[in-house]
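**Q** The structure's right below; bear with me while I get my questions together.
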């Protein structure tokens, strides 16, 4: 067990370390902030692919009886890779925050301190809370409180990571200066679609699947579940809805601004190409992609 746990403990920090050493050799002009950001995104994408694959396997294996069917990966993926990744990712997010403000010339970011840690927690409070909630809610539920039932729903929760590679790809394309290409625009659409389906619509689907198993209408499922289960789902769902609404609102405003710039250019001298409606948003907003 300890050897397998060490796989996750070593894998994600190890990949992060490798990317931080390799990327400056390929992109010599990148700053430390650029390297750390892209390294973090690449590791996040790798974990997301692993989690999504595990989710597909578990859901497929347990689709016969969503309550009692078992598959070992539902529990052990959380222990082997989920917990180590969430713990590592808090540190990686802090490093990204630290180097981003250090490159901007903030005096307090000349070295690590309690001030920089406090600033990170304040600025990324919702993301940090999201990670801590997964560690303190999903882990105990997976290991102790579900009485060897519901592997199917644990597999569904793994599928929430499907949107992460698209979010990460958007930020990497921006970093490469490709925010005006069709790939970035298509990826922006995939961000919205995958985020909505796998981080928001997935929760009503799980309630529907539970209700179908017991012959209960979906609106009656919350009353059939315990308060702790409903609160746990709400704690995971609420920030996803917030991030999705924020994404849509900012994306729409930037799209309107782009249209205004394009129409203005027809009546005046040509303007430089504007960034796509998702560029600034994906560059500045984390959107809960961890």
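Residue numbers (the numbering used here): 2 to 291. C-beta atoms are modelled at their ideal positions from N, C-alpha and C, and glycine is treated no differently.
1. DSSP on residue 42, reduced to helix/strand/coil?
2. Is the segment 56 to 74 in contact with the segment 145 to 161, if contact means three or more CB pairs nearer than 8 Å?
3. Looking only at its own chain, which residues have a Cβ that is under 6 Å from the Cβ of residue 210, when we skip the five neighbours before and after it?
4. Indicate the three-state DSSP secondary structure (helix, strand or coil) for residue 58 in the structure shown.
5. Quick check: the Cα distance between residue 278 and residue 256, rounded to an integer number of angstroms?
6. Residue 35 and residue 176 look like a contact to me (Cβ under 8 Å); what is the Cβ gap, rounded to whole Å?
7. Once DSSP output is grouped into helix, strand and coil, what is the label at residue 278?
8. Under the three-state reduction of DSSP, which class applies to residue 205: helix, strand or coil?
9. What is the DSSP secondary structure of residue 253, reduced to helix, strand or coil?
10. In chain order, what residues of the same chain lie with their CB nearer than 8 Å to the CB of residue 96, ignoring the 5 residues before and after it?
11. Skipping 5 residues on each side, what residues in its chain have a beta carbon closer than 6 Å to that of residue 136?
12. Give the straight-line distance between the Cα atoms of residue 148 and residue 249, rounded to the nearest whole angstrom.
13. For residue 132, which residues from the same chain have a beta carbon less than 7 Å from its beta carbon, with the 5 sequence-adjacent residues on both sides left out?
14. Would DSSP call residue 114 helix, strand or coil?
15. Using the Cα positions of residue 172 and residue 224, report the straight-line distance between them to the nearest angstrom.
16. Would you mind sorting residue 48 into buried or exposed? The rule is 16 or more other CB atoms within 10 Å of its CB.
17. Entirely within the segment 102 to 167 and at least 4 residues each: give me those alpha helix (DSSP H) ranges in chain order.
**A** Working from what's here:
1. Start at 1 with the first residue of the chain shown, and residue 42 comes out as number 41. The three-state secondary structure of residue 42, taken from DSSP, is helix.
2. The segment 56 to 74, when compared against the segment 145 to 161, does touch it at the 8 Å Cβ threshold.
3. By one-based count along the chain shown, residue 210 stands at place 209. So the qualifying residues of the chain are 67.
4. Taking the first residue of the chain shown as position 1, residue 58 is located at position 57. Secondary structure of residue 58 (DSSP, three-state): helix.
5. Stepping through the chain shown from its first residue, residue 278 is reached at position 277. Stepping through the chain shown from its first residue, residue 256 is reached at position 255. Confidence at residue 278 is low in this model, with a pLDDT of 36, below 50, so its placement is unreliable and the value that follows should be read with caution. Approximately 5 Å, taken between the alpha carbons.
6. As a working note, residue 35 is residue 34 in the chain shown. As a working note, residue 176 is residue 175 in the chain shown. Correct: roughly 6 Å between the Cβ atoms.
7. As a working note, residue 278 is residue 277 in the chain shown. For residue 278, the pLDDT reaches just 36, beneath the cut-off of 50, and the residue's location in the model is therefore unreliable, although a value from the coordinates is still provided. Three-state DSSP puts residue 278 in coil, outside helix and strand.
8. Counting from one through the chain shown, the residue named residue 205 turns up at place 204. If DSSP states are grouped into helix, strand and coil, residue 205 belongs with the helices.
9. Translated into the one-based positions of the chain shown, residue 253 becomes position 252. If DSSP states are grouped into helix, strand and coil, residue 253 belongs with the helices.
10. Within the chain shown, numbered from 1, the residue matching residue 96 stands at position 95. Spatial neighbours of residue 96 in its own chain (CB-CB distance under 8 Å, excluding positions within 5 residues in sequence) are listed in chain order as 37, 41.
11. Translated into the one-based positions of the chain shown, residue 136 becomes position 135. Closer than 6 Å at Cβ, skipping near neighbours: 87.
12. Mapped onto the chain shown, residue 148 falls at position 147. Mapped onto the chain shown, residue 249 falls at position 248. C-alpha separation (whole angstroms): 39 Å.
13. By one-based count along the chain shown, residue 132 stands at place 131. Excluding positions up to five away in sequence, the list reads 87, 90, 91, 291.
14. Against the chain shown, residue 114 aligns to sequence position 113. Taken through DSSP and simplified to helix, strand or coil, residue 114 comes out as coil.
15. Taking the first residue of the chain shown as position 1, residue 172 is located at position 171. Taking the first residue of the chain shown as position 1, residue 224 is located at position 223. Note on geometry: alpha-carbon atoms of residue 172 and residue 224 lie some 41 Å from one another.
16. Along the chain shown, one-based indexing puts residue 48 at 47. Flag for residue 48 reads buried.
17. Runs of the alpha helix (DSSP H) spanning 4 or more residues and lying entirely within the segment 102 to 167 occur at 115 to 124, 126 to 134, 152 to 159, in chain order.
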